[in-house]
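First the structure, in the form of structure tokens, and then the observations on it.
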Amino acid sequence: MKNRVIKNFVMFLFFWTIIVIGLNLLHGRSFWINLPWEVYLIFLLSLLQLTTDLSKKVIPVIDFVVFFLYMMTNSSYFGYVNWTSLVVFAIMALFFTAITLFIGNQFKKGDHR
Numbered sequence: 022m023k024n025r026v027i028k029n030f031v032m033f034l035f036f037w038t039i040i041v042i043g044l045n046l047l048h049g050r051s052f053w054i055n056l057p058w059e060v061y062l063i064f065l066l067s068l069l070q071l072t073t074d075l076s077k078k079v080i081p082v083i084d085f086v087v088f089f090l091y092m093m094t095n096s097s098y099f100g101y102v103n104w105t106s107l108v109v110f111a112i113m114a115l116f117f118t119a120i121t122l123f124i125g126n127q128f129k130k131g132d133h134r
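Under the working numbering, the first residue of the sequence shown carries the number 22, and numbering increases by one thereafter.
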């Protein structure tokens with residue numbers, strides 16, 4: 022893999038996943054609990070930004086919608102959802118979108134070295 026930024030991020034995700042799985046097994050929890058799903062999603066959407074030729078206006082919209090739907094499905098599974106929680110989900114989706122755009126730009130800069 023030529024892009025060192027992506028390579029380092031994949032190594033970070035791999036070791037984080039191994040540590041979480043080890044802690045889950047140590048504490049007798051299910052294998053899939055506490056995995057960093059949000060970070061996996063950030064990584065995949067950053068790769069989408071890097072590998073596709075979508076316009077710069079479309080990528081943030083896709084990121085926002087994906088993160089908003091992710092938070093909706095997670096929260097509806099765990100608890101009550103009303104209009105105030107939708108506002109919080111939208112703010113968090115904006116935050117995750119900004120992080121994803123930043124990491125995607127770092128992936129692009131890693132290609133040019």
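Backbone N, C-alpha and C define an ideal beta-carbon position, used for all residues, glycine too.
Here the structure is a predicted model, which is why all the values come from computation and not from measurement.
Whole-number beta carbon distance between residue j and residue i, since they are thought to touch under 8 angstroms
i	j	result
Gly131	Ile63	Their Cβ separation, rounded to whole angstroms, is 16 angstroms, which puts Gly131 and Ile63 out of contact at 8 angstroms.
Val41	Pro57	7 angstroms
Phe88	Ala114	4 angstroms
Euclidean distance between Cα positions of residue i and residue j
i	j	result
Arg50	Phe110	28 angstroms
Leu65	Leu34	12 angstroms
Pro81	Phe117	10 angstroms
Lys129	Val60	18 angstroms
Phe123	Asn103	30 angstroms
Ile39	Asp74	33 angstroms
Phe30	Thr105	34 angstroms
Phe52	Met92	21 angstroms
Gln127	Trp37	20 angstroms
His140	Val86	Since the displayed the chain opens at 22 and closes at 134, residue 140 lies outside it and no answer follows.
Gly43	Ile112	32 angstroms
Asn55	Asn45	8 angstroms
Lys23	Met32	14 angstroms
Leu68	Thr94	23 angstroms
Residue burial classification, residue i (beta-carbon count within 10 angstroms, cutoff 16)
i	result
Thr121	buried
Ser76	exposed
Runs of alpha helix (DSSP H) lying entirely within the region 71-133, each at least 4 residues, in chain order
79-99 and 104-132
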